[in-house]
Amino acid sequence: MIKTQPATVLPADLHGVLNNQVETIAWQIHEKRTELNEPSLLDGKAGIALLFAYLSKIFPEKNYLQITFELLDDLSYSLANDELDYHLSAGVAGIAFAFQHLRNTGVLDKAEDLNLAELDEFINLGVDQDYKTGNWDPLHGMTGLGIYFLERNKENGEKNYLEKIVDHLISMRTQVDEHKTWITPGYENYSNDNYNFGMAHGMPGVLSFLAQVHTKGIRQKELEEMISSCLPFLLQHQYDDNEECCFPTAIPVDPGEKQNHGSRLAWCYGDLCLANALIHCGKALGRHDWRRKGIDVALKTTQRNFKSAGCMDAPFCHGTTGLVHQYNRLYRLTGNDVFRYAAEKWIRLTLQHFYKPGEGAGGYFFRCLNEVTSGFEYTPRYGLLEGSAGIALVYLSWLYNIRPDWDIIFLCNV
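Numbering (the numbering used here), first residue to last: 240 to 653.
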């Protein structure tokens with residue numbers, strides 16, 4: 240169940256400001272609902288339904304629960320009538336995740352049959368397809384499907400699908416000296432094949448997922464080998480202590496290709512990706528040294544300023560509120576005030592640099608590349624990953640002492 244006691248030690252000036260922003264974002268999304276046709280988890284109605292469900296728990300006197308049910312009706316219609324793929328990010332697994340998560344948090348009645356077992360079989364076929372194409376990606380591939388099955392496991396205890404994904408991931412590895420890793424394939428003109436250090440498309444995402452599967456008592460011997468073989472490969476590429484960053488964004492597979500030094504700071508890329516993976520793996524395997532190192536890496540990131548972080552907008556993916564949420568999670572995990580101050584710092588930086596009252600989606604824009612002009616544009620978006628629904632969920636999680644279990648989607652649920 241979602242707990243709703245107000246959090247302590249909140250700056251009074253921010254509490255009212257952020258509460259008002261959350262309400263404004265929710266109102267604007269509701270006003271736009273008939274224009275939002277995308278059903279997906281990351282960019283559409285499935286992710287938006289999570290926002291209204293959490294709002295309904297915190298503010299039961301308002302009509303947020305009714306809006307949640309209306310969104311779920313829209314999603315049921317999409318499942319029955321639209322041609323959807325199977326992925327977590329933009330397909331059936333993401334919509335099914337929203338239904339399952341709301342069952343797990345008590346918003347939906349578990350006694351009601353939602354045909355999730357039938358969706359499981361369809362998503363399982365997607366696991367086979369991703370295996371054939373080598374798509375293990377945490378955001379758009381097999382690992383993402385595994386995140387859905389982790390959420391399902393909380394209710395039904397089903398292990399077969401997760402076991403299958405683990406077996407596939409074992410066989411999809413590449414030997415690098417004494418290590419076994421996963422290679423992120425190149426993407427069009429943007430990147431070549433690389434050893435990726437990001438959460439969205441790299442090994443930290445896989446490791447964070449595998450660690451959480453381990454806690455379910457699934458394939459533990461194999462998982463310990465997988466984690467112990469891959470994580471040291473990432474750790475051996477740590478920079479010297481006097482460097483601003485701890486780890487690179489990626490390392491080219493081709494040894495002759497030039498490697499870019501350093502990394503930005505965000506959810507998708509940057510040192511917090513390794514910090515989350517280290518904490519997850521340390522907790523799962525009882526490696527206190529990994530857990531401590533993850534916290535130390537995260538603490539070092541709090542020293543970075545706005546310019547060096549490279550944040551160009553506010554949304555969760557590579558924006559400032561993704562940092563707010565991760566520092567809030569780390570504060571809850573450790574009780575270390577450094578993380579609490581870091582979360583507050585990035586909230587204030589968000590308001591200073593990116594909040595535009597009366598504009599965009601609740602005052603916020605997403606910075607995206609226009610592939611026609613090859614220039615960047617700022618556009619309003621309403622979804623979870625790159626839009627204002629995600630911003631509002633981050634603010635809710637900071638304002639109120641609720642367990643933000645929705646963030647398993649992003650594997651930063653330390």
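The C-beta atom is built at its ideal place from N, Cα and C for all residues, glycine as well.
Leu358 to Pro424 span [Cα, whole Å]: 29 Å
Neighbour-count burial assignment, Pro245, 16 or more Cβ in a 10 Å radius: Low confidence applies to Pro245: its pLDDT is 38, below 50, so where it sits in the model is not reliable, and the reading given next is rough at best. It is exposed - the Cβ of Pro245 has fewer than 16 other Cβ atoms within 10 Å.
Unbroken stretches of the alpha helix (DSSP H), 4 residues or longer, contained in the stretch 442–506: 442–453 and 459–474
Same chain only: Cβ atoms within 7 Å of Thr273, ignoring 5 sequence neighbours per side: none
Cβ-Cβ distance between Leu638 and Gly444 below 9 Å: no
Reduced DSSP category for Thr413 - H, G, I as helix; E, B as strand; rest coil: strand
Chain-order list of residues whose beta-carbon lies under 6 Å from that of Ser317 (same chain, five-residue window excluded): Pro278
Status (buried if at least 16 other CB within 10 Å, exposed otherwise) for Asn302: exposed
Local conformation of Asn258 per DSSP, three classes: If DSSP states are grouped into helix, strand and coil, Asn258 belongs with the helices.
Coarse secondary structure for Thr344, derived from DSSP in three states: coil
Whole-Å CB distance - Phe338 paired with Leu353, under 8 Å assumed: 5 Å
Supposed close pair Phe578, Leu569 - CB separation, criterion 8 Å: Contact holds; Cβ gap of about 4 Å.
Nearest to Phe448 (by Cα), restricted to the options Cys485, Gly495 and Phe388: Distances from the alpha-carbon of Phe448 to those of Cys485, Gly495 and Phe388 put Phe388 closest.
Integer-rounded CB distance, given that Arg503 should sit under 8 Å from Gly549: So it is a contact: roughly 4 Å between Cβ atoms.
Sub-9 Å separation of Leu289 and Trp645 beta-carbons: yes
Whole runs of the alpha helix (DSSP H) within the stretch 253–326, excluding any shorter than 4 residues: 284–297 and 303–320
Distance, Glu625 Cα to Thr618 Cα: 10 Å
Collapsed DSSP secondary structure at Phe436 in the structure displayed: coil
DSSP state of Ser613 mapped onto helix, strand, coil: coil
Reduced DSSP category for Tyr634 - H, G, I as helix; E, B as strand; rest coil: helix
Contact between the stretch 513–528 and the stretch 459–475 (3+ Cβ pairs under 8 Å): Three or more Cβ pairs closer than 8 Å define a contact, and the stretch 513–528 meets that threshold against the stretch 459–475.
Beta-bridge partners of Lys532, as assigned by DSSP: Per DSSP, none; premise fails for Lys532.
The alpha helix (DSSP H) enclosing His519, as first and last residue numbers: Asp510 to Leu524
Cβ-Cβ distance between Leu384 and Asp369 below 9 Å: yes
As assigned by DSSP and simplified to three states, the class of His418: Strand, per DSSP.
Continuous alpha helix (DSSP H) stretch holding Phe388: start and end: Met381 to Asn395
Range of the contiguous alpha helix (DSSP H) that encloses His557: No alpha helix (DSSP H) holds His557; DSSP gives it neither H nor E.
Assigned exposure category for Cys215 - 16 Cβ within 10 Å defines buried: The structure shown does not extend to residue 215, since the chain is modelled only from 240 through 653, so no value can be given for it.
Among Thr559, Ile490 and Asp576, nearest to Gln591 - alpha-carbon criterion: Thr559
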